[in-house]
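Protein chains in written order, with UniProt numbering: chain Z, 1 to 505; chain E, 1 to 164; chain X, 1 to 313; chain W, 1 to 51.
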């Protein structure tokens, strides 16, 4: 059976009334959290994990994917109307989108964002569906050494190469790896770093850690800042609909944004934001009206919005086919799969095709739902923005602790939530990135187990790790990604210093 | 996702030195713990203690690197933070943690709600605490009675749902 | 809101004192074997009116020992609390040095069980159990076995096989995965020599011809399975990965008899048999003194093997 | 020649995007030079309420 038949089969699963309901809940929640600044899709999925204990696996995962897609849609609304991005992936949308809104063209800006997101989501989801079986075929021969190499690559790209300072990225990663060592060693049954606390035997809960880092740490940081800018809502004036020239200027950026965002989302630790910046720069370069950029050019909204939705679908490629999360949200979704005893990866396509293809097909459905939810209901979403910050953050913390308590109503678990929350606050304060510690905690045990399994198979021969071409290439890329930025930084130091001296700020 | 505007200072950073020390302590604890583990490497030669050791040495290295950056003043300056709101939230979380099994979900979480709102500028606790408890109780009802989530019940919950 | 309150009061009032409202602890994450057992019990007991309301609570962690410890300490004398457990718990108690053991609860009955299967990839040169044992005797390190977590049923099975074949069990090259499903990837990918897990984990692949089934750990041939038993292959090994239900510690004889009667009623119901058939579990119900004797035997054998493998000192 | 120039400019843009994003992830304001490479004016960027 080809990808197309599987996709049709998946559509049959996803079109079941219960599944449609889950998808609808997911996209509605996702749009809401996308609109609200301060909560992202990663946090929302983490909060919902304990609640979905009792629901069925397919429905919950469909809901999570809906949240992910919805979050990418919703983020643009605040960017355009408030100049306040709801999600880091829609920062760039604020640049042109808010200018358009101020000129009374908020309607077309919102429309091009929503339609662009829809088209990008549609194309990228189809790309996911047609690429996945190919990658699965390659990945079926992956053994422990290939997986180990893949994880080393993810560690390096998430922490070193892309970090502003390799030191802080690596420190965050190693803290995550240290936390990952806590609990029973799966290969020998020995307890490590558990300090006589039975709860720690099973390791540190990923959801507790993620909720602490994203919700508690963030709330502490924002509370401490005290500069609460009064958000100024730009009303949507004039026609909501796009004019013929808007359409003519939007369709190419939509397509280009899709093809920029998708591969970047699929790269280990690429992240949606990079694609949005690249798409913006590309549109400005190619535009016939470069002078309009900075004053409300519609291309600067259409391209990046398409890119961020395409990269969300791109992220699902390595997650579903290899079990490799490349963003914080994907990492939490991986925890969601594991909660139901499922391990994403090539085998899941073979053992549970209904679930995987139902999930992929539901993304197409979710995409249609989002278009319907977003175009006519914008006014409703904007109302959400009028929730004052004290109630918003009080609510976030209430639900953050609800999730932790629901999973395990123990004082110790809440203590960990508080402890990691303070750690997350400190990390934000000192400019440590959050993603590496979360990725380290999730991938650390997997990397360790794959390494030790590989060495068990080879009876202690380390050379075995690089004797497979795939593993060797992956490890080579990882080494380059670690070393090259360090060299560039060292070489560029003198240049940077003279720059600093010349900088007026 | 907030951005700080900073100009690079060039002086020693005691806070960064404390971070370096903290990393060294974590590394020390890991080394101490791994020393008591039996070496069950089997055929791989990599036992349960090996990876913690590698991570610990990595942390030691990062600790030294942090210390060097701290002494050279390469650490970025921190955004100015007001301690009071931060402490209010920490106090709210601590109160919830300690009250959870005594007073039940609604009361404990209501206090967290009110303290958080306090941190963000809603100072009237006499109004926010009852409001928070009421809201938390509605949430408790939905999640524990409808979604069958196991949330601790206290006097308030028992009063209204005697079976809980 | 008001309706909820009324409904709550109503439910409290109609609950008859004669019937127990059971709470079943599933000491594992949702979705696993113990969780499914607990939830099937919940369905059958409620539908057949054995208990008006049954709650299932997941307390995951450490091979069930965390749930077991919590259960034993919080429910002494409570005849409405049950816990699901199984053979894996016996090993986990020993490897984790758990302060609480099955002696601290009141085992009621064995409910279901599955036998272990030994498989090799279809492309493997090894054709039967004899071939595998020969390879093991030549170089135990070169024969890698993939199976579930360390100290679990699969690991114990490999230890018993090696011992029965006269190979030093400490020399086995066992590669632990978090479960049979994950181990499957390594076996199918030809990464390891052989795989050991519950028969159900390999069933589909054996039928599809991608795996070769060498032997099962049953006392006699299983109907519909074309493979010899380990005993037929000359290895004196018999192993069942069973699941059981236990009650709280400190029950008097009367309470114990009541719980045992409720469980028996459940097991004998048509509904239960239908659920077992749906899930492909076999009914290995064993209660009372027979179960206690079997449990003692399994505990002793497990302790020996785990010492032999080197996981327990 | 033009192809090489095109690739170089694409790579430079990619590098700038990575650097800007990594700055944002650790709560730093990206440098003016990197922003300019992406065609963004620093003043415009600072006008966005990043919280």
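Backbone N, C-alpha and C fix where the C-beta goes; we use that ideal spot for every residue, glycine too.
All of these numbers come straight from a predicted model, not from anything done at the bench.
Problem - In chain order, each beta strand (DSSP E) run of at least 3 residues that lies wholly inside the region 169-222 of chain X - result: 173-176, 194-198, 211-216
Problem - Alpha-carbon to alpha-carbon, residue 472 (chain Z) and residue 209 (chain X) - result: Position 209 of the third chain holds residue 209 (chain X). Position 472 of the first chain holds residue 472 (chain Z). Each residue's alpha carbon lies about 32 Å from the other.
Handout entry: Three-way DSSP call (helix, strand, coil) for residue 369 (chain Z) in this model
Key = Here residue 369 (chain Z) refers to the residue found at position 369 of the first chain. The answer is helix: DSSP assigns residue 369 (chain Z) an H, G or I state.
Problem - Buried/exposed call for residue 127 (chain X), threshold 16 Cβ in 10 Å - result: Numbered from 1 along the third chain, position 127 holds the residue referred to as residue 127 (chain X). Exposed, because fewer than 16 other Cβ atoms sit within 10 Å of the Cβ of residue 127 (chain X).
Exercise for the section: Please confirm whether residue 325 (chain Z) and residue 315 (chain Z) have their CB atoms less than 9 Å apart. Expected result: For this step, residue 325 (chain Z) is matched to residue 325 along the first chain. For this step, residue 315 (chain Z) is matched to residue 315 along the first chain. Yes, the Cβ-Cβ distance between residue 325 (chain Z) and residue 315 (chain Z) is below 9 Å.
Handout entry: Stretch pair the region 82-100 of chain X + the region 212-232 of chain X: three plus CB contacts closer than 8 Å
Key = no
Practice task
Select from the region 51-78 of chain X all residues with a C-beta closer than 7 Å to any C-beta belonging to chain E, and list them in chain order.
Solution key: 57
Exercise for the section: Evaluate residue 487 (chain Z) with the Cβ neighbour count: other Cβ atoms within 10 Å of its Cβ, from every protein chain shown; 16 or more gives buried, anything less gives exposed. Expected result: Along the first chain, one-based indexing puts residue 487 (chain Z) at 487. By the 10 Å Cβ count, residue 487 (chain Z) comes out exposed.
Problem - Interface residues of the region 439-457 of chain Z facing chain X [CB-CB below 7 Å] - result: 453, 456, 457
Problem - CB contact below 9 Å: residue 184 (chain Z) versus chain X - result: In the first chain, residue 184 (chain Z) corresponds to position 184, counting from 1. So yes, residue 184 (chain Z) belongs to the interface.
Problem - Counted within 10 angstroms of its Cβ, other Cβ atoms place residue 256 (chain Z) as buried (16 or more) or exposed - result: In the first chain, the residue the question calls residue 256 (chain Z) occupies position 256. Classification for residue 256 (chain Z): buried.
Exercise for the section: Return the chain-ordered list of same chain residues with a C-beta closer than 8 Å to the C-beta of residue 381 (chain Z), the five sequence neighbours on each side being excluded. Expected result: Position 381 of the first chain holds residue 381 (chain Z). Contacts found: 31, 32, 35, 74, 77, 374.
Problem - Minimum Cβ-Cβ distance from residue 12 (chain E) to chain Z less than 9 Å - result: Working through the second chain from its first residue, we reach residue 12 (chain E) at position 12. Not an interface residue.
Practice task
Output yes or no for whether 9 Å exceeds the beta carbon distance between residue 154 (chain X) and residue 98 (chain X).
Solution key: As a working mapping, residue 154 (chain X) is identified with position 154 in the third chain. As a working mapping, residue 98 (chain X) is identified with position 98 in the third chain. No.
Practice task
List the residues of chain W that residue 273 (chain Z) touches, going by C-beta distances under 9 Å, in chain order.
Solution key: The residue given as residue 273 (chain Z) occupies position 273 in the first chain. Those within 9 Å of residue 273 (chain Z) in chain W are 17, 20, 21, 24, 25.
Problem - Cross-chain neighbours of residue 151 (chain X) in chain E, by beta carbon under 9 Å - result: Position 151 of the third chain holds residue 151 (chain X). Correct list: empty, because the minimum Cβ distance to chain E is about 11 Å.
Practice task
Would you mind sorting residue 197 (chain Z) into buried or exposed? The rule is 16 or more other CB atoms within 10 Å of its CB.
Solution key: Translated into positions along the first chain, residue 197 (chain Z) becomes position 197. Looking at its Cβ environment, which holds fewer than 16 other Cβ atoms inside 10 Å, residue 197 (chain Z) is exposed.
Practice task
Return the CA-CA distance between residue 104 (chain E) and residue 151 (chain E), expressed in angstroms with no decimal places.
Solution key: Numbered from its first residue, the second chain carries residue 104 (chain E) at position 104. Numbered from its first residue, the second chain carries residue 151 (chain E) at position 151. Residue 104 (chain E) and residue 151 (chain E): Cα-Cα distance of roughly 8 Å.
Handout entry: Three-state secondary structure assigned by DSSP to residue 7 (chain E)
Key = Here the question's residue 7 (chain E) lines up with position 7 in the second chain. At residue 7 (chain E) the pLDDT is 48, less than 50, meaning the model places this residue with poor confidence; the figure from the coordinates comes in the next sentence. Note: residue 7 (chain E) maps to coil in three-state DSSP.
Practice task
Give the single residue among Z:83, Z:16, Z:87 whose Cα lies nearest to the Cα of residue 41 (chain Z).
Solution key: What you label residue 41 (chain Z) is simply residue 41 of the first chain in a count that begins at 1. Comparing Cα-Cα distances from residue 41 (chain Z) to each of Z:83, Z:16, Z:87, the minimum goes to Z:87.
Exercise for the section: Could you tell me whether the Cβ atoms of residue 404 (chain Z) and residue 211 (chain Z) are closer together than 9 Å? Expected result: Within the first chain, the letter at position 404 stands for residue 404 (chain Z). Within the first chain, the letter at position 211 stands for residue 211 (chain Z). A contact, by the Cβ cut-off of 9 Å.
Practice task
Report yes if the CB atom of residue 132 (chain Z) is closer than 9 Å to the CB atom of residue 342 (chain Z), and no otherwise.
Solution key: As a working note, residue 132 (chain Z) is residue 132 in the first chain. As a working note, residue 342 (chain Z) is residue 342 in the first chain. No.
Handout entry: Candidates Z:396, Z:284, Z:367: closest to residue 114 (chain E) by CA position
Key = Translated into the one-based positions of the second chain, residue 114 (chain E) becomes position 114. It is Z:396.
Practice task
Note down, in chain order, each residue of its chain lying with its Cβ closer than 6 Å to the Cβ of residue 218 (chain X), except the 5 sequence neighbours on either side.
Solution key: Reading the third chain from its first residue, position 218 is the one you call residue 218 (chain X). Result list for residue 218 (chain X): 115, 229, in chain order.
Exercise for the section: Return no unless some Cβ of chain Z is closer than 9 Å to the Cβ of residue 46 (chain X). Expected result: For this step, residue 46 (chain X) is matched to residue 46 along the third chain. Cβ-Cβ to chain Z under 9 Å: no for residue 46 (chain X).
Practice task
Closer than 7 Å by beta-carbon distance: list the chain E residues that pair up with residue 141 (chain X), in chain order.
Solution key: Within the third chain, numbered from 1, the residue matching residue 141 (chain X) stands at position 141. Simply 43.
Handout entry: For residue 69 (chain E) and residue 106 (chain E), believed in contact at Cβ under 8 Å, the rounded distance
Key = Here residue 106 (chain E) is taken as the residue at index 106 of the second chain, counted from 1. Here residue 69 (chain E) is taken as the residue at index 69 of the second chain, counted from 1. About 47 Å separates the CB atoms of residue 106 (chain E) and residue 69 (chain E); that is not less than 8 Å, and the two are not in contact.
Problem - Within chain E, the residues that residue 173 (chain X) reaches when beta carbons sit closer than 8 Å - result: Along the third chain, read from residue 1 onward, the residue named residue 173 (chain X) stands at position 173. Ordered by position in chain E, the residues that pass the 8 Å Cβ test against residue 173 (chain X) are 42, 43.
Problem - Among E:35, E:19, E:20, the one whose alpha carbon lies nearest that of residue 193 (chain Z) - result: Here residue 193 (chain Z) refers to the residue found at position 193 of the first chain. Looking at the Cα atoms, E:35 is the closest of the given residues.
Handout entry: Residues in the region 122-147 of chain Z having any Cβ partner in chain X nearer than 8 Å
Key = 140, 141, 142, 143, 144
Exercise for the section: Use the C-beta contact count for residue 83 (chain Z): other C-beta atoms within 10 angstroms, 16 or more gives buried, fewer gives exposed. Expected result: Within the first chain, numbered from 1, the residue matching residue 83 (chain Z) stands at position 83. Under the 10 Å beta carbon count, residue 83 (chain Z) is surrounded by 16 or more other beta carbons and is classified as buried.
Practice task
Answer yes or no: does any C-beta atom of chain X fall closer than 9 Å to that of residue 395 (chain Z)?
Solution key: In the first chain, counting from the first residue as 1, residue 395 (chain Z) sits at position 395. Taking Cβ atoms only, chain X never reaches closer than 9 Å to residue 395 (chain Z), which makes this a no.
Exercise for the section: Check each candidate in Z:261, Z:347, Z:369, Z:463 and name the one with the smallest Cα separation from residue 183 (chain X). Expected result: Working through the third chain from its first residue, we reach residue 183 (chain X) at position 183. Comparing Cα-Cα distances from residue 183 (chain X) to each of Z:261, Z:347, Z:369, Z:463, the minimum goes to Z:347.
Handout entry: Residues of its chain near residue 307 (chain X), where Cβ-Cβ distance is below 6 Å and the 5 sequence neighbours each way are ignored
Key = Taking the third chain and counting its residues from 1, one reaches residue 307 (chain X) at position 307. The answer is none, since no qualifying residue turns up.
Handout entry: From Z:221, Z:200, Z:89, residue whose alpha carbon lies closest to that of residue 81 (chain E)
Key = The sequence position of residue 81 (chain E) within the second chain is 81, counting from 1. Measuring from the Cα of residue 81 (chain E), the nearest candidate turns out to be Z:221.
Exercise for the section: Please name the residue, chosen from Z:72, Z:93, Z:185, that lies closest to residue 449 (chain Z) on a Cα-to-Cα basis. Expected result: On the first chain, residue 449 (chain Z) is found 449 positions in, with the first residue counted as 1. Selection Z:72, Z:93, Z:185 evaluated against residue 449 (chain Z) yields Z:185 as nearest (Cα-Cα).
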